[in-house]
Amino acid sequence: MSYYLRSASCIMLGLLAGISVAQAGDEPQTRSRTPASCPDYTVYSQKRHGPYSTGPLAVPFMRPSPECRTFHSSAVEASFARSDESRHWLTTPTPESH
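With my numbering, the residue at position 24 of the sequence shown is 35, and numbering never jumps.
In C-alpha cells:
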C-alpha cells in the first residue's frame, strides 16, 4: 500500500512542478518602447478600425499591429484564437430571428 501511495505522491509532485513551470514561462513580455511609427493608443482607440465583423454589429478590430503592441502573452493570444473560432454566433442567424 505504501508503494502505491509513494508513487501517487511522486506523480502529483511531478504534475504540480510541470504546471508551475508552464505558468512561469508564460509571463507577459512587456516592451517599454514601440516603433516611432506607431500611433499613440489613446488617439488610435478613439476611431473604429477594420476589419469589421460580418455580423449585424460590425464589431471593429481595435488591436494595433503586432509591432505596436506593448506586451505579448501567449495566453492572451490563445484566448483570442478560441474566441475567433467560436465567433460564428455573430454571423449565424438564430431560430428566433427568422
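The C-beta atom is built at its ideal place from N, Cα and C for all residues, glycine as well.
Close CB contacts of residue 63 within its chain, under the 8 Å cut and outside five residues either way in sequence, are with 69, 70, 71, 72 (chain order). Ranked by Cα distance from residue 74, the first of 67, 61, 84 is 61.
Looking from the CA of residue 55, the closest CA among 66, 65, 79, 67 belongs to 79. Taken through DSSP and simplified to helix, strand or coil, residue 82 comes out as strand. 9 Å or more divides the Cβ of residue 90 from the Cβ of residue 49. Inter-residue distance for residue 88 and residue 94 is about 10 Å (C-alpha atoms, whole angstroms).
The straight-line gap separating the alpha-carbon atoms of residue 59 and residue 53 is approximately 13 Å.
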